[in-house]
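Chemist:
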Amino acid sequence: MESKAIIIGIAGASGSGKTLVAHNILRNHPGEHVSIIEEDSYYKDLSDIPLDVRDKKNFDHPDSFDHHFLCDQLNDLVSGNEVKIPIYDYTIHSRSDEYRLLKTTHIIIVEGILLLNDPKLRKLLDIKIFVDTPADICLLRRVRRDINERGRSLDSVLEQYEATVRPMFLQFIEPSKRYADIILPMGGKNVVAIDLITTKINQLLHDHFIK
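Here's what the structure looks like:
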C-alpha cells in the first residue's frame with residue numbers, strides 16, 4: 006500500500022551522538038528506504054555579513070536556523086518531490102554554492118540540536134527522539150570535532166561553548182526533551198535502543214510500504 010514518508014527527528018545537545026544514531030539506523034536499512042537530513046544544512050546564509058562578524062554570531066539560538074525552509078522541503082519530500090538540500094560551510098559560517106539532490110524515501114531522518122524546539126517542525130515529525138548524553142562527554146566530542154574537522158582552535162571552541170553553546174542548551178535544547186517520544190541515553194553506542202528503534206522502523210516499512 007502507498008503512504009506518505011515517515012519522518013523521524015533526532016535531537017539533543019551538540020556532541021551528544023545524534024549523527025551516530027542516525028547513521029547506525031541508516032546502516033541497518035541500506036538502499037532506498039532511509040535518508041538523512043542534517044539541521045545544520047539550514048543555518049541561515051550569512052554571506053552578506055563580514056567574516057569577523059559571522060564569527061561572533063550565536064549559532065545555537067533558534068533564530069540561526071531557517072526552519073521554515075526545512076519544513077517546506079520536508080513537505081515537498083513527503084509529497085514525493087525531489088529537493089535541493091543546502092550545503093553549509095562551517096569554515097566560513099555560510100552556505101556554499103553547491104547543494105545535495107535528495108529524492109523522497111520511505112523513512113526520512115532529520116537530526117539536529119533544535120528540532121524539538123520548533124512547534125511547526127515538531128508537527129511534521131512522526132517519531133521524536135532525544136539523545137541524552139552527559140555535558141562533559143558532549144564537550145569533549147565537540148572539541149575533537151571542531152579542531153579536527155572545522156579548523157578551530159581550542160580556545161575558540163571553549164570560548165564559544167561558555168558564551169553560547171551551554172547557555173542555549175539550558176534555555177532551548179534541554180527543555181525540548183519533554184516533547185520526545187523516546188529519550189535515548191548513550192547515543193549511538195546504545196545498541197539495545199538502536200535495535201529497538203530499528204525494529205520499529207522495520208515494522209513501519211512493512212505496514213506502510215513493503216508489499
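First residue of the sequence shown? That's 6 in my numbering, and the numbers climb one at a time after it. Ideal placement from N, C-alpha and C gives every residue a C-beta, glycine not left out. All of these numbers come straight from a predicted model, not from anything done at the bench.
1. Can you give me the start and stop residues for the beta strand (DSSP E) that R100 sits inside?
2. Would you list, in sequence order, the uninterrupted beta strand (DSSP E) runs of no fewer than 3 residues that lie entirely inside the stretch 92 to 179?
3. Less than 6 Å between C-beta atoms, sequence neighbours within five positions excluded: which residues of the same chain meet that for I4?
4. Please state if the CB of I152 and the CB of I30 are separated by a distance shorter than 9 Å.
5. Check G17 in the structure and name its three-state DSSP category.
6. May I ask you to list the residues that DSSP assigns as paired with Y184?
7. Can you tell me the Cβ-Cβ gap for V39 and I112, rounded? I've got them flagged as a contact below 8 Å.
8. State the start and end residues of the unbroken alpha helix (DSSP H) segment that holds I202.
9. Touch check for the stretch 95 to 108 and the stretch 52 to 66: three-plus C-beta pairs under 8 Å?
10. For G85, I'd like the list of residues in its chain whose CB is within less than 8 Å of its CB, leaving aside the five on either flank, ordered along the chain.
11. Alpha carbon to alpha carbon, how far is R92 from D77?
12. Would you kindly work out how many angstroms separate the C-alpha atoms of I41 and G14, rounded to a whole number?
Modeler: Taking the definition as stated:
1. S99 to L107
2. Runs of the beta strand (DSSP E) inside the stretch 92 to 179: 99 to 107, 112 to 116 and 132 to 137.
3. Only positions 6 to 216 of the chain appear in this structure, which leaves residue 4 out of reach.
4. no
5. strand
6. For Y184, which the question treats as bridged, DSSP gives no partner whatsoever.
7. 4 Å
8. V196 to H213
9. Output reads yes: the stretch 52 to 66 touches the stretch 95 to 108.
10. Result list for G85: T109, in chain order.
11. Checking the displayed sequence, the identity of residue 92 turns out to be Ile instead of Arg. Straight-line spacing of the CA atoms in I92 and D77 works out to 17 Å.
12. 10 Å
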